[in-house]
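Working notes, structure below.
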Amino acid sequence: MLEIKNLDVHFGVIHALKDISLTVEQGEIVTLIGANGAGKTTALRTISGLKKPTRGSIIFEGRDITSISPQDRVKMGICQVPEGRRVFSTMTVLENLELGAYLRKDKAQINKDLNMIYERFPILEKRKKQAAGTLSGGEQQMLAMGRALMSSPRMLFLDEPSMGLAPLFVKEIFDIIKSINQTGTTILLVEQNASMALQIANRAYVMETGSIVLTGTGNELMQSDEIRKAYLGG
């Protein structure tokens, strides 16, 4: 479904991504794990079209999308939940969700999808008239995910969804990620909580200083002594 080939990205003289290649098959959860500064977010931003690569290609469903706009990638079914939630704090919960569907014209289906979001995240319906900035961190993460789902994505990118959340919310967010995947949405997940990410991932890539240094199934990497020592606390 998604194929990244020999991707290089520079920020001035800084070589941020170094010849990375990866694939995501339809229906999978694939995760990128690694320390801060490893290049995980840069990889997602590049695939989303927010950063231009200096070399390499991005293929989505057989089409080279390396040079097309972020908006056109959303139209094709790619949507990203950014690091730090990035909700529109002065707008209501409902207005944030409606913005997620800004490229869509199918009003009847949009209303159905809105009801689906409320079923999946009941707290958002209770708070729909509330300013998004007044929600807790966990609620804002749910809103950011709901907003992305309103674009009706076939592939969802999640950037550090557990960042700054209490442990109870972290488990809930990962349960939601699994349920989204089970309804047919393919997921590429960037996450520093390697233990939680590997538990739900079909496959994983480990990044260090802009390079992919290891890959395997989630279970294989959970059992790896190297990964346990580096990312799982022993």
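Under this note's numbering, the final residue of the sequence shown carries the number 229; numbering is consecutive throughout.
Yeah, the Cβ is synthetic: ideal placement off N, Cα and C, and Gly gets one too.
This one's a predicted model, so the numbers in the text were calculated from it and none came from an experiment.
- Of Gly132, Asn176, Leu2, the smallest CA-CA separation from Glu155 is found for Gly132.
- If only uninterrupted beta strand (DSSP E) runs of at least 3 residues are considered, those enclosed by the segment 138 to 205 are 150 to 154, 181 to 185, 198 to 203.
- Residue environment for Ala38: buried (at least 16 other C-beta atoms within 10 angstroms of its C-beta).
- In this structure, the straight-line span from the alpha carbon of Arg68 to that of Arg115 is close to 25 Å.
- For the segment 48 to 84, the continuous alpha helix (DSSP H) assignments of 4+ residues that do not extend past its boundaries occur at 65 to 71, in sequence order.
- In summary, Pro162 is exposed, with fewer than 16 beta-carbon neighbours lying within 10 Å of its beta-carbon over all protein chains present.
- With contacts defined as CB atoms closer than 8 Å, Thr181 and Ala199 fail to qualify as a contacting pair.
- Distance from the CA atom of Ala96 to the CA atom of Lys107, rounded to whole angstroms, is 12 Å.
- Ranking Thr61, Ile54, Ser174, Val76 by CA distance to the CA of Ser146 puts Val76 first.
- Counting only residues of its own chain and dropping the five nearest sequence neighbours on each side, Ile15 has a CB closer than 6 Å to the CB of Leu2, Ile207.
- Taking the C-beta atoms as reference points, Leu92 is found no nearer than 8 Å to Phe83.
- The Cβ-Cβ distance between Thr41 and Ala196 does not fall below 8 Å.
- The C-beta distance from Leu12 to Phe55 rounds to 18 Å, too long to fall under 8 Å, and the pair is not in contact.
- Boundaries around Ser16 are those of the beta strand (DSSP E), 9 to 19, since no alpha helix (DSSP H) includes it.
- The Cβ neighbour count for Leu98, taken over all protein chains shown within 10 Å, is under 16; the residue is labelled exposed.
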